[in-house]
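Residue numbers (our numbering): 21 to 227.
Built from N, CA and C at the ideal position, the CB exists for glycine as well.
Have a look at the structure below before the remarks.
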């Protein structure tokens, strides 16, 4: 798959972030082990387009003027109310040097589970270490391949069998389980009651 190219430009470090945003740009920074941090700004339109198909951990060719930096989106900060992107961090990659990154787990064909069953997600992301050329954006799981009672661990995932990628998340961790909907609903109130009881006990003053 072709690497996404994201255009940016160097920004004035003396300029206030709010002023940069008023002009329609998102403040950002790109850094790396062999690269001094570069303060940049990206147009809001470019950011919106990029985030339609990419997320944290995605690989991107960051264009800074005439420079090109193969990077990953390391972090993005959003405004709590409007959810507007406020700042972005990119980590530059070095050929031949492994990188640790957390990638999201995407569950495909959720509708195939059926109304009598429920998909209980235990993990939403997984941590890996690999060379830039083997870096993946996400881990995909086709739920349609599983049925009631099926449980999947990290060790069962295809990425755990990839010799070019080291999975850092515990192999014995459960990724998801497909349970009977009725049983799941029966267990939920009991759990909530235990939480409420514990909260009441914690708030009760000692005599």
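Using C-beta distances below 7 angstroms, list every residue in its chain close to residue i, excluding the 5 sequence neighbours before and after it, in chain order.
i, result
"residue 153", "none"
For residue i, which of helix, strand or coil comes out of DSSP?
i, result
"residue 48", "strand"
"residue 117", "coil"
"residue 39", "helix"
"residue 33", "coil"
"residue 131", "helix"
"residue 224", "Because the pLDDT of residue 224 is 49, which lies under 50, any placement of that residue in the model is unreliable, and the number read from its coordinates should be weighed accordingly. Correct three-state label for residue 224: coil."
"residue 69", "helix"
For residue i, which residues does DSSP report across the bridge?
i, result
"residue 146", "123"
"residue 24", "80"
"residue 111", "51 and 92"
"residue 63", "45"
Below 6 angstroms CB to CB, which residues in the same chain sit around residue i once its five sequence neighbours on both sides are set aside?
i, result
"residue 161", "127"
"residue 67", "46 and 105"
"residue 26", "70, 80 and 82"
Pop quiz: residue i and residue j are said to be a contact at Cβ under 8 angstroms. What is the actual Cβ separation, rounded to whole angstroms?
i, j, result
"residue 199", "residue 138", "5 angstroms"
"residue 188", "residue 147", "4 angstroms"
Please return the same chain residues whose Cβ sits closer than 8 angstroms to the Cβ of residue i, not counting the five positions on each side in sequence.
i, result
"residue 98", "104, 105 and 106"
"residue 78", "24, 92, 93 and 157"
Within the present structure, is the beta-carbon of residue i separated from the nearest heavy atom of the ligand HEM by less than 7 angstroms?
i, result
"residue 92", "In terms of ligand content, the structure shown is empty, and the ligand HEM therefore cannot be addressed."
Of all the beta strand (DSSP E) runs that stay within the bounds of the segment 139-189, which reach a length of 3 or more residues? 145-150, 159-162, 171-173 and 185-187
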